[in-house]
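Novice: Residue numbers (our numbering), protein chains in the order written: chain A, 508 to 829; chain B, 480 to 750.
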Amino acid sequence: MGGSYAIDISGLRKSFGDVEVLKGVDLKVVQGSMLALLGPNGAGKTTIVKILSTLTAPSGGTVSVNGFDVGRQSDDVRGSIGVVNQFMALDFVHTGRENLVMMGRLHRIGTRAAHRRSEELLEQFDLNDAADRPVLTYSGGMRRRLDLAISLIAAPSILLLDEPTTGLDPRSRIGMWAAIEGLLADGTTILLTTQYLEEADRLADQVAVIDEGRIIAHGTAAELKRRVGEERMELTFAAADDYAKACLAIAGEEALCDAEKQTIGLPADNTNRLIAVLGRIEQSGVDVGSLALAKPTLDDVFLTLTERATPVSATLEGEGVK
Amino acid sequence: MTTATRTAGGAPRLQRSNAAWALSDARVLIKRYVNHIARQPDEIITAVMIPTSMMLLFRFMLGGGAVDVGGTAYVDYLVPGVLTVGVTLIAVSTTSGVYMDMQEGFVDRLRSMQTMAVAVVVGHVVAAVLRAVISLTALFALAFLIGFRPKANVLQWLGAIGVLLLFAFAVAWIAVLLGQIAKSSAGASGLALILTFLPYTSNIFAPTDTISTGLRTFVEHQPLTAVIDSVRALLLDQPVGNSVWLAVLWWGGITALVIPVSARKFRRRYS
């Protein structure tokens, strides 16, 4: 299906002076699907979004959006996309409704249509009650929702979201996710960048992992997680002696003994197995300091995929159990 | 290859000529920045307060004959210069407004749309001139209250207002350019303050006779002195000499230089 990708990037290179930020990126997004671009700060995610939204010119390669070339047909590209940048471009002294109508008119959909779309979007994003208050009084979550609503004012077929949930509290993040899922269900093609594995996992059909300007992995979230490893139980010990004894007691089991951090990591996907292993540690009479569930994090993804260091979880998520 | 724009549930773009759309973009953004004047009244109040206190202070401290201004009442001598202070102070909020639009992604958002992004600059300039008009009106009103008695006829009034508006227009464009080149928020305010300092190195408070030669040459020939001289001569029905032409040449020339530089800087951020 040669020309039917909503976003089609091949061999994309971008240099700023001597610094090569993108070193040959290939990405394709099927119409009506979502691709999450996962990577740390400085990996090149924002540069890709800027190129797709015609703000920055590629140094090499071809990039087309909705079938239009970003360089030669930039105006057609601009007419096809909605963009949410990392820094929200809201007017704080104007109300939510005024922001929407203003951006609608700047999108050239006409004053009447701008008003009608604003009504719909205020309703859709649960901003009705705050519609006539200055944006200055909005919470962080409301500002993000308004920003997303603005990007949809001209009903774009392709949406580019650059870290839309960075800095949001968990509840607002879930609200944003629900809004994004709704858009996907409506048939919008979405490219989303994120630093959160969980976000990519929850939302995207396809996940591409980018690091230092290169796509280092590409697949479904499930495929990616399989490569990284599942949830682990991590044990920490009060004394060095206890750590050594426990490690000895479970010799032969699938476990990761980290001598430097004095921790033991156990696979947590098989509960019976886990209980059995914990039982052997208990029988050896050592004092387990604390237990914690460690989910694979972005750190794990990078450590695994780039093999820059030993694949031992550096970050713990979840509740610590004493 | 099918490239039909999906418009389900949304709004298709209307068909109008490019010029009509550019005008529409400018109107929307002019409205945005004009609204800012009313909704952030502290900015215009600050910009009027400083020349207001200056006018009162100098009128009552030096107005009793401490300065020899050659036959005219001191208040009549003072007012035209303070008006230019009012105009330059407008630059501060324009510069920081442009800086914020560049930094906070508003301009980038417009550049990723079909909007004529340079309409942002048009909006800022129109709002800046409007702020200058508000400030000048308030200062004229105060001037009359404290004894300012111009002797100008209608033509001279129109000439003086024309020179002041041209000056305000030029200051607005300079302020826009400063906002574009500023590297930080503090830098933006700092750059604008340089502009507001210009009136103090002119003959605003006293004639230049007693200033040392080197500084005097600068004071008498700096572009702002031409504005003050011409407005003063026009309003007080004195001989204007070549001051009006000098003011028009200076500030018309500066504007003609700044606009293309500003437009070029605005475009350059694309690559």
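We put the CB at the ideal spot given by N, CA and C, even for glycine. Predicted, not measured: the structure shown is a model, and the values here were computed from it.
Going by beta-carbon coordinates alone, are B/H603 and B/V642 separated by less than 8 Å?
Specialist: In the second sequence, the residue the question calls residue 603 of chain B occupies position 124. In the second sequence, the residue the question calls residue 642 of chain B occupies position 163. Against a cut-off of 8 Å, the Cβ pair of B/V642 and B/H603 comes out as no contact.
Novice: Candidates B/L736, B/A712, B/I569: which alpha carbon is nearest B/I673's?
Specialist: Taking the first residue of the second sequence as 1, we reach residue 673 of chain B at position 194. Comparing Cα positions, the closest option is B/I569.
Novice: Tell me, please, whether the CB atom of B/G732 is closer than 8 Å to any CB atom in chain A?
Specialist: Locating residue 732 of chain B in the second sequence gives position 253, counting from the first residue. No, B/G732 lies away from the interface with chain A (no Cβ there is under 8 Å from its Cβ).
Novice: Give me the residue from B/V513, B/M540, B/A545, B/V597 with the minimum Cα distance to B/L502.
Specialist: If you number the second sequence from 1, residue 502 of chain B lands on position 23. Nearest option by C-alpha distance: B/V597.
Novice: Indicate whether at least one CB of chain B lies closer than 8 Å to the CB of A/H622.
Specialist: Here residue 622 of chain A corresponds to residue number 115 of the first sequence, with the count starting at 1. No, no contact with chain B.
Novice: Using a Cβ-Cβ distance cut-off of 8 Å, determine whether B/N514 contacts chain A.
Specialist: To locate residue 514 of chain B, count along the second sequence from 1; it is residue 35. Yes, contact with chain A.
Novice: Nearest to A/I665 by alpha carbon, out of A/Q769, A/F523, A/S571, A/G546?
Specialist: Counting from 1 along the first sequence, the entry for residue 665 of chain A is found at position 158. If we check each option's Cα against that of A/I665, A/S571 comes out closest.
Novice: For the stretch 581 to 595 of chain B, which residues have a beta carbon sitting closer than 7 Å to at least one beta carbon of chain A?
Specialist: Within the stretch 581 to 595 of chain B, the qualifying residues are E583, G584, F585, D587, R588, L589, R590, S591, M592, Q593, T594.
Novice: Please determine, among B/L557, B/P520, B/A517, the residue with the shortest C-alpha to C-alpha distance to B/L536.
Specialist: Translated into the one-based positions of the second sequence, residue 536 of chain B becomes position 57. B/L536 has its Cα closest to that of B/L557, out of B/L557, B/P520, B/A517.
Novice: Nearest to B/T574 by CA position, among B/L562, B/V599, B/S496, is which residue?
Specialist: In the second sequence, counting from the first residue as 1, residue 574 of chain B sits at position 95. Among B/L562, B/V599, B/S496, the Cα nearest to that of B/T574 is on B/V599.
Novice: DSSP three-state label for A/S511, please.
Specialist: Counting from 1 along the first sequence, the entry for residue 511 of chain A is found at position 4. Three-state DSSP puts A/S511 in coil, outside helix and strand.
Novice: Under a CB-based cut-off of 8 Å, is A/V577 close to chain B?
Specialist: Position 70 of the first sequence, counting from 1, holds the residue named residue 577 of chain A. No, because no Cβ of chain B sits closer than 8 Å to the Cβ of A/V577.
Novice: Taking all protein chains shown into account, do 16 or more other C-beta atoms lie within 10 angstroms of the C-beta of B/Y679, making it buried, or fewer, making it exposed?
Specialist: Numbered from its first residue, the second sequence carries residue 679 of chain B at position 200. By the neighbour-count rule (16 or more Cβ atoms within 10 Å), B/Y679 is not buried but exposed.
Novice: I'd like to know whether the C-beta of B/T482 is nearer than 8 Å to at least one C-beta of chain A.
Specialist: In the second sequence, the residue the question calls residue 482 of chain B occupies position 3. Low confidence applies here, because B/T482 scores a pLDDT of 36, under 50, leaving its location unreliable; read the following figure in that light. Closer than 8 Å: yes.
Novice: Select from A/T618, A/A746, A/R585 the residue whose C-alpha is nearest the C-alpha of A/S493.
Specialist: What is shown of chain A runs 508 to 829, which leaves residue 493 of chain A out entirely.
Novice: By the DSSP assignment, the beta strand (DSSP E) with A/E527 in it spans what residues?
Specialist: The residue given as residue 527 of chain A occupies position 20 in the first sequence. Note, A/E527: beta strand (DSSP E), 526 to 537.
Novice: Output needed for A/G539: all residues of its chain with C-beta closer than 7 Å, excluding positions within five of it in sequence on either side, in chain order.
Specialist: Locating residue 539 of chain A in the first sequence gives position 32, counting from the first residue. Here the set comprises G694, T696.
Novice: When Cβ atoms are compared, which residues of the stretch 542 to 562 of chain A fall closer than 7 Å to chain B?
Specialist: The residues in question are S560, T561, L562.
Novice: Express the C-alpha separation of A/G682 and A/G689 in angstroms, rounding to a whole number.
Specialist: Counting from 1 along the first sequence, the entry for residue 689 of chain A is found at position 182. Counting from 1 along the first sequence, the entry for residue 682 of chain A is found at position 175. Roughly 11 Å separates the two Cα atoms.
Novice: Check the DSSP bridge columns for A/I588 and list the partner residues they point to.
Specialist: Taking the first residue of the first sequence as 1, we reach residue 588 of chain A at position 81. Per DSSP, A/I665.
Novice: For A/H622, collect the residues of the same chain with a Cβ closer than 8 Å to its Cβ; drop the 5 residues on either side in sequence, then sort them by chain order.
Specialist: As a position in the first sequence, residue 622 of chain A is number 115, starting the count at 1. Answer for A/H622: V608, G611, listed in chain order.
Novice: Rank A/A707, A/E761, A/K768, A/G759 by C-alpha distance to the C-alpha of A/T727 and give the top, closest one.
Specialist: One-based indexing of the first sequence puts residue 727 of chain A at position 220. Of A/A707, A/E761, A/K768, A/G759, the residue nearest in Cα terms is A/A707.
Novice: Which residues, in order along the stretch 500 to 513 of chain B, keep a beta-carbon less than 9 Å from a beta-carbon of chain A?
Specialist: Residues W500, S503, D504, R506, V507, L508, K510, R511.
Novice: Could you please give me the residues that DSSP links to A/K521 through a beta bridge?
Specialist: Taking the first sequence and counting its residues from 1, one reaches residue 521 of chain A at position 14. In DSSP, A/K521 forms a bridge with A/L529.
Novice: So, using beta-carbon positions, are A/V784 and A/F744 closer together than 8 Å?
Specialist: Here residue 784 of chain A is taken as the residue at index 277 of the first sequence, counted from 1. Here residue 744 of chain A is taken as the residue at index 237 of the first sequence, counted from 1. Not in contact: A/V784 and A/F744 (Cβ atoms no closer than 8 Å).
Novice: Can you name the residues that DSSP bridges to A/V572?
Specialist: Stepping through the first sequence from its first residue, residue 572 of chain A is reached at position 65. Answer is A/I514, A/F575, bridged to A/V572.
Novice: Whose Cβ in chain A lies nearer than 9 Å to the Cβ of B/L493?
Specialist: What you label residue 493 of chain B is simply residue 14 of the second sequence in a count that begins at 1. Going along chain A in sequence order, the residues near B/L493 (Cβ under 9 Å) are R615, I616, G617, A620.
Novice: What are the residues in the stretch 625 to 642 of chain B lying within 9 Å of chain A by C-beta distance?
Specialist: Correct list: empty, as no residue qualifies.
Novice: Ignore the nearest five residues each way along the sequence and tell me which others in A/V714's own chain have a CB closer than 6 Å to its CB.
Specialist: Here residue 714 of chain A is taken as the residue at index 207 of the first sequence, counted from 1. For A/V714, where only same-chain residues beyond five positions count, the Cβ hits under 6 Å are A543, L545, A707, A728, L731.
Novice: By the three-class DSSP mapping on this structure, what secondary structure does A/I771 have?
Specialist: Along the first sequence, one-based indexing puts residue 771 of chain A at 264. A/I771: strand per DSSP, three-state reduction.
Novice: May I ask you to list the residues that DSSP assigns as paired with A/G567?
Specialist: For this step, residue 567 of chain A is matched to residue 60 along the first sequence. Partner(s): A/R520.
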